[in-house]
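If you're matching positions, the sequence shown starts at 347 in this note's numbering and goes up one per residue. Below is one structure, written out as structure tokens; comments come after it.
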Amino acid sequence: MNLLRYALISVAVLSLSSNSLATDYYVDDSCDGSGIGTLADPFCTIAQAASLAGPGDTVYIKGGAYNEPLIPQKSGVAEAYITFTNYGDETVTITGATMAPAIDISNRQYVIIDGLSIDYVRRWMYALNAHYNIIRNNHFSRAIDSGGSSKTGLFFQEATYNKIINNTIEDSTQDNLALHKSDKNLIEGNKIYKAKHTLWAIKCGNYNVIRNNYFYNEWQKIGEIYDCDGSGFDHQFDILNSTKYNLVENNTFAYVPSSGDSSPYSGIQYAGQNGIIRRNLFYDTVGPGLSLTLYSAEATYNLHNRVYNNVFYETDFAGVEISGSTAYHFADQVLKNNILMRSIFVRNDMRWSWYIELAGKPVQILTGRLTDFVFDTNNIFGNQVGDSYTITYGSRNSNSNPPQHPLSWWQENHPALFKDNIEINPQFVDSANHDFHLQENSPMRDTGIFLTKTVGSGSGNLMHVEDAGYFYDGFGIPEELGDLIQLDGQTQQA
């Protein structure tokens, strides 16, 4: 017992000592000579501070333009992060057209990058084998790699438990943010704009969270979720059926442009497994808000996904597009409690004669298949009740597509695919200004269906349900909480 007490006291003292020895370093690019890193006599380069900063230390960078990369030489620990931040409210810009990358936290853990501006560099950041790092309150702009590399933006590979929070990320020549074979990362509260390829991508990554972000891409698509086919820093990953349990919630997908004579740009181009897409707003996308896609080889497993409580509004294609391919794996797609409203098909791609027929039609759902999905208790509303084409079935390259029918026909003739859906104006507060809250007298209030049902009475703190795929348990990410569940007829949540 005495030995145990001595060991516990020793650990406590050691932890206290590591925090008490934390050092603040200062960097000022306008300094003269070789400073010692104090506020009165700062280092002249970020590299000097980065070579010394250890667990618990903070590097304060004075305002200025720094033509050197930020490369931490040490990792922090769970109780004592290493922090690199701007001094006060001064603007710190890391810049240089050949810098690739401007920040490199590869093989580092427990590092915070806070309040910096990275502008006009070849590539923004590498994070290979990087874990428990926090990238917050930064402004990443103008990543100018001309080679079209997926490593141009914020590039994470085999990286876990990182948090990318409250940043502005805009204007890259390829992908603004990429997670390759990376699990349990949190992307929250960011504003992400302008990418020549996609604003963000998850490839063969699992248990990641994309939450409370604003997305607007005037150049191409917004998001991608699918497997790896020649992905990774050295194109080394060929991993299929391995993009599971990712959560996309409470985001705004504000705009994607016309693709012209090519496949439409999507809000999300999706081919993952066991994912949750919920409580998002998709509006003003020229392509589909959500495309449940299939193609070789990275998008060949699209399975067991749950899409609920989203709004798809005024797209120029369809709120939801579903692939008709039968060559790959597609099953168990449930779309529930969504509002799909006022999308009008615009013929931007001139290659397909069928699009002449669809032009101007109120297409809310465009599906190429009649299997392996269900729309349950959604509001599917075009221009008026009884519109044909709100659900459109066919193939763009077919010369003999079937006639189109109203929602009532689909629910009568294909009840396994369409059940208990309604078509009614939901009466948003101000849809013209993208306020999609419901008015007090909205007929949509209290019309949703419960997501699943219990199986038996349960015991202790365990309750079995028919389908647990709707729920998020926190994924083991630090400080993340799982869903609160409420049963029908009860007010208590647990």
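No residue lacks a Cβ here, since even glycine has one placed at the ideal position from N, Cα and C. In this text, all values refer to a predicted model and were calculated from it rather than measured experimentally.
Shown here for Leu385: same chain residues with a beta carbon closer than 7 Å to its own, the five before and five after excluded, namely Tyr372 in chain order.
Scanning Glu667, Ala547, Ala541 and Pro749 for the CA closest to the CA of Phe721 turns up Glu667. Beta-bridge partners assigned by DSSP to Gln619: Lys590 and Leu649. Per DSSP, Ile726 is not a residue of any alpha helix (DSSP H); the beta strand (DSSP E) it occupies stretches across Asn725 to Phe727. When C-beta atoms of the region 486-506 are compared with those of the region 515-530, three or more pairs fall below 8 Å, so the two segments count as touching.
CA-CA distance, Gly400 to Ile428, rounds to 6 Å. Listed in chain order, the non-local C-beta contacts of Val680 below 6 Å within the same chain comprise Arg652 and Val720, local neighbours out to five positions each way being set aside. Here DSSP, grouped into helix, strand and coil, assigns Glu660 to coil. Between Asn745 and the set Asn508, Ile702 and Asn759, the nearest pair of CA atoms involves Ile702.
Here Ser754 has Gly732 as same chain residues with Cβ atoms under 8 Å from its own Cβ, once five neighbours each way along the sequence are excluded.
Residue pairing from DSSP leaves Lys497 without any beta-bridge partner.
By the CB criterion at 8 Å, Thr544 and Thr519 fall outside the cutoff.
Residue burial annotation: Ile382 is exposed, with fewer than 16 other C-beta atoms found within 10 angstroms of its C-beta. A distance below 6 Å between beta-carbons, with the five flanking residues on each side excluded, links Gly633 to the following residues of its chain, in chain order: Val602, Pro610, Tyr611, Ser612 and Phe663. Its chain contains Asp529, Lys530, Tyr591 and Phe821 as the residues whose beta carbon lies nearer than 6 Å to that of Tyr553, once the 5 sequence neighbours on both sides are disregarded; these appear in chain order. Every unbroken stretch of the beta strand (DSSP E) spanning 3 or more residues and falling wholly within the region 373-433 is given here in chain order: 404-407, 410-412 and 428-432. Bounds of any alpha helix (DSSP H) do not take in Trp546; it lies within the beta strand (DSSP E) bounded by Thr544 to Lys549. Distance between Ala368 and Gly434, taken at the CA atoms: about 19 Å.
Distance check between Gln730 and each of Ser689, Cys390, Arg742 and Gln582 places Ser689 closest, using alpha-carbon atoms only.
Annotated three-state conformation of Ala778 is helix, per DSSP. Nearest Cα to His675 within the set Lys682, Asn684, Gly706 and Thr717: Thr717. The C-alpha of Arg469 lies about 15 Å from the C-alpha of Tyr412. Looking only at Tyr641, Pro418, Asp491 and Thr598, the smallest Cα-Cα distance to Arg624 is reached by Thr598.
Within the model, the alpha-carbon separation for Leu640 versus Glu758 is close to 28 Å. A direct Cα-Cα distance of roughly 24 Å separates Thr391 from Asn513.
Contact between Asn559 and Glu534 holds: their C-beta atoms lie close to 7 Å from each other, under 8 Å.
CA-to-CA, the gap between Ala426 and Asn479 works out to about 12 Å.
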